[in-house]
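Working notes, beginning with the structure itself.
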Amino acid sequence: MEEQQKQPNTTELDELKKQCEEYLNGWRRAKADLINYQKDEAKRFEEMMNYSREVVIGDLVPVLDSMELALRVETNNDGLQRIKIQLEDMLKKYGLEKIKVSPGDPFDASIHESVGEMEVKELESGKIAAEISSGYKLKNKVIRPARVKLSK
Amino acid sequence: MSKILGIDLGTTNSAMAIMEASGPRVLENAEGNRTTPSIAAVNKSGERSVGLLAKRQAVTNPKNTIFSVKRLIGRKFSDAEVQNDKKWLSYDIREAANGGVEVKLGDKWLKPEEISAMVLAKLKADAEALLGEKIEEAVITVPAYFDDSQRQATKNAGEIAGLKVKRILNEPTAAALAYGLNKKKNEQIVVYDFGGGTFDVSVLEVGDDTVEVKATGGDTHLGGDDFDKKIIEYLVSEYKKSEGIDISKDSLAVQRLKEAAEKAKHELSAALETEINLPYISSNESGPKHFLMKMTRAKLEELVQPFIDHSVELTLQTIKEAKFDVKDVDEVVLVGGQTRMPAMQEAVKKMFGKEPHKGVNPDEVVAVGAAVQAGIMQGDVKDILLLDVIPLSLGLETLGGIFTKLIEKNTTIPTAKTQVFSTAADNQTSVEIHVLQGEREMSADNKTLAKFILDGIPPSPRGMPQVEVTFDIDVNGILNVSAKDKATSKSQSVRIEASTGLSKEEIERLKNEAAAHQDEDKKKRGLVELKNTAESTVYLAEKSLREAGDKVPADIKDAVNKKIEALKSVKDSGDAEAIKKALQDLSQELQKIGEHLYKGQAKPEEGQKPEDKV
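Chains A and B supply the protein sequences, listed in that same order. In this text, residue positions in the first sequence follow this note's numbering: the first is 82, and each later residue adds one. In this text, residue positions in the second sequence follow this note's numbering: the first is 711, and each later residue adds one.
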């Protein structure tokens, strides 16, 4: 029995070509998605590491605050002073950096937060008059702005 | 095609998300945060700031820091709401020529939508920087109670920010979308949204592809911030009672107290008690004073119970207005960070008698829903490769009637998995491959898909032959199972067409059954595994005795034999403890053979871990 040779008509051929293209694209997309996902995953892991570090160090900042407050009262407590330096050095190793503030500096909301105003004769209005609590950066990301009072 | 940004433009904070192939993704702003304060400001030198930076200078620049503008947008100046808010807003507002509201920022009078536009423009710019592509279109959410004028004004804000607003979406609808509730049919949904500054409750009805808002209610001045204030008040008064010092006037102390109060509130969602410890909070004549106080969850709940009760009242009232009964409500969705509080979840659960939806981060759920809507509209998740998952686990029967899963349920197909098995008896020349489907631990409780035999395995001790079994399931759910003896390369296979051909109800039934029998099944399986271990240890012991021959003194041999008999006598008893005991005794006795044989040499191998036997 002779098989009848069926000529595929053009519409069918086009249809198949289109389908073929669609499937191939789908496959490419899936493969690309996987590769991208793997890359994203690596990045996310890195971010997670940074984030968890940020959380831990961020939680330690109030401890540094307390030490600063303590030293304002107990100015001669040498032991506490040393413990504070020890903790600061340790945190510095992980990238924690204190934001430096001096009276007369211009206010910059990217690193400062204003918490009030005070009268300072020799200062221009709107300049930083005093630091209330220290601010910290972790690898260039502000984890807490320096809280400052501005001159009236 | 560029992406459509989903934006939750909130009263206090805003959030944004986009739809990606893998699902919605919340985007961080330039400061690295997932929410952005809805605040805009201008400083004395005329520089503008938006978001967190605007918030950081708010205290010293109250006149030119615009917040809560959502309370004003699209309203008439004469509205009671506006007149009410005017009293406490720190910036100036006035009536515009068209009767609307204008706010003063710097030396200009602006419309509220222009302020919202600044927030939207920041979100747009931050999203573009993060994604590295232009964003031109957005879906923006608004409260369900917003009227046409408020919606139009919000839309205008988007346009001013350079965004083509594809849709103004109701916040509760967005929350429902985030949970995929739009796919439900004829359901009543209550969205309970307890935010930082506002409480909104909405009753929705989902029909065929439509979500209709049946009623809205709430309190525009009730939120999580009230909780914080209440806690601070309590702490201040307690401290005054115990130490006689009023710390509410000391701005640094209040700042520290505020942070501690927020932290305590968060911690008490997980723990029953927390300690608030603020050294050197103040000082008096006698020297420095510290703040140390324990706070319990019960105390917190006592403090805020009136707020929760009020929200429950408002919810019931809204349901009534929708002409529904509480028992008509099919789904409840929680929105807003404050809903993390266990007492609040409990109150909602009690009110409806059902567990509310709360899996998506409640601070982000509206933005996520906006992204879902954006995804539907951009339709670019053109997944011609819609991949299915297998509904039930597939595996085979191993020694003692245990069901060993090869492909776990919910695995995306096509997929393949290969595992090597061995024989259970000496000189076993054939293995039966019994292919099963289900979630139960024992084969007998699962559904048989096929059985076939692989023979011609060369006679060898048990555990020696390596039979490689492969489960390959194609995109149509057709399962091919093949078994190959690695020594002879002889193989046998079967093709199963209907591996996924179960009805939804049947799958549910099987899953429920598995869950119901979980504990007893585990016990049964544990017992069989113990018996298998017992048998293989007996086998190992007898083999060791044979191989040791005369090298081991008769007394050791007798002792081992005794323990073997003891184990044999209990292994089929079904008494797990007895088997374990006998097994341990035999293992200890067996070690003596090793000790004797290898005295002074390397230690004997530990009891061989029994392999899976087919």
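Positions of the beta carbon are idealized from the N, C-alpha and C atoms, including for glycine.
Start-to-end residues for the beta strand (DSSP E) that takes in residue i
i: B/Leu1044; result: Glu1041 to Val1045
i: B/His1144; result: Val1141 to Gln1147
i: B/Lys924; result: Val921 to Asp929
i: B/Val1185; result: Per DSSP, B/Val1185 belongs to no beta strand (DSSP E) and is neither H nor E.
i: B/Phe1113; result: Ile1112 to Ile1117
CB contact check: residue i to chain A, cutoff 7 Å
i: B/Arg1050; result: no
i: B/Thr770; result: yes
i: B/Leu962; result: yes
Residue environment, residue i, which counts as buried when at least 16 other CB atoms sit within 10 Å
i: B/Glu1305; result: exposed
i: B/Val901; result: buried
i: B/Val1078; result: buried
i: B/Val1098; result: In the sequence as presented, Val is not what sits at residue 1098 of chain B; that position holds Asp. By the neighbour-count rule (16 or more Cβ atoms within 10 Å), B/Asp1098 is not buried but exposed.
i: A/Gln100; result: exposed
i: B/Glu1065; result: exposed
i: B/Ala981; result: exposed
i: B/His1020; result: exposed
i: A/Arg228; result: buried
i: B/Gly1173; result: buried
Contacts that residue i makes with chain A (C-beta to C-beta distance below 8 Å)
i: B/Leu978; result: Those within 8 Å of B/Leu978 in chain A number zero; the least Cβ separation is about 17 Å.
i: B/Gly742; result: Lys222
Alpha-carbon spacing of residue i relative to residue j, whole angstroms
i: A/Pro23; j: B/Pro822; result: Outside the shown range of chain A, which is 82 to 233, sits residue 23 of chain A, and nothing can be said about it.
i: B/Asp935; j: A/Trp108; result: 50 Å
i: A/Ser214; j: A/Leu150; result: 9 Å
i: B/Leu670; j: B/Leu1026; result: Nothing in the structure corresponds to residue 670 of chain B, since chain B is present only between 711 and 1324.
i: B/Gly967; j: B/Thr1122; result: In the sequence on display, residue 967 of chain B carries Leu and not Gly. Rounded to whole angstroms, B/Leu967 to B/Thr1122 spans 51 Å at the Cα level.
i: B/Phe904; j: B/Glu948; result: 28 Å
i: B/Leu1220; j: B/Ala1126; result: 23 Å
i: A/Val223; j: B/Ile957; result: 28 Å
i: B/Val921; j: B/Ala1032; result: 14 Å
i: A/Lys234; j: B/Ser759; result: One cannot answer for residue 234 of chain A here, as it falls past the ends of chain A, which runs 82 to 233.
i: B/Ile845; j: B/Gly720; result: 20 Å
i: B/Gln793; j: B/Phe1017; result: 24 Å
i: B/Pro882; j: B/Ala888; result: 10 Å
i: B/Asn723; j: A/Val144; result: 29 Å
i: B/Glu1207; j: B/Ile1086; result: 34 Å
i: A/Gly207; j: A/Pro184; result: 11 Å
i: B/Glu1023; j: B/Val911; result: 11 Å
Cross-chain neighbours of residue i in chain A, by beta carbon under 7 Å
i: B/Tyr801; result: Those within 7 Å of B/Tyr801 in chain A number zero; the least Cβ separation is about 16 Å.
i: B/Gly733; result: Simply none; closest approach about 12 Å.
i: B/Leu945; result: Result: empty, since nearest Cβ-Cβ is about 15 Å, beyond 7 Å.
Any chain B beta carbon closer than 7 Å to residue i
i: A/Pro226; result: yes
i: A/Val196; result: yes
i: A/Asn221; result: no
i: A/Asp170; result: no
i: A/Asp159; result: no
i: A/Ser133; result: no
i: A/Asp95; result: no
i: A/Asp186; result: no
i: A/Val201; result: no
Beta-carbon neighbours of residue i, restricted to chain B and to distances below 7 Å
i: A/Val154; result: Tyr990, Ser993 and Pro998
i: A/Gly207; result: Lys754
Limits of the unbroken alpha helix (DSSP H) element including residue i
i: B/Leu782; result: It is not in any alpha helix (DSSP H) - B/Leu782 carries neither H nor E in the DSSP assignment.
i: B/Met1054; result: Pro1052 to Phe1062
i: A/Trp108; result: Thr91 to Val154
i: B/His1306; result: Ala1286 to Leu1307
i: B/Ala1258; result: Gln1228 to Ala1258
i: B/Arg861; result: Asp858 to Ile870
i: B/Lys1325; result: A query on residue 1325 of chain B cannot be resolved here, the shown segment of chain B reaching from 711 to 1324 and no further.
i: A/Met199; result: Looking at the DSSP string, A/Met199 is not in any alpha helix (DSSP H); the run it does join, the beta strand (DSSP E), is His193 to Met199.
i: B/Ala1154; result: From DSSP, B/Ala1154 is part of no alpha helix (DSSP H); its letter is neither H nor E.
i: B/Met828; result: Pro822 to Leu841
i: B/Pro1016; result: Arg1007 to Glu1031
Contact list for residue i against chain B, beta-carbon separation under 9 Å
i: A/Ala190; result: Ala751, Asn753, Ser759, Leu762, Leu763, Ala764, Lys765, Arg766 and Gln767
i: A/Ser183; result: Near A/Ser183 there are no residues of chain B at all, since even the closest Cβ is about 18 Å away, more than 9 Å.
i: A/Ala151; result: Pro989, Tyr990 and Pro998
Neighbour list for residue i in chain B, Cβ cutoff strictly below 8 Å
i: A/Ile180; result: By Cβ distance, chain B contributes nothing, its closest Cβ being about 13 Å from A/Ile180, past 8 Å.
i: A/Leu231; result: Thr770
Per-residue contacts from residue i into chain A (C-beta, under 9 Å)
i: B/Gln965; result: Val196, Ile213, Ser214 and Arg228
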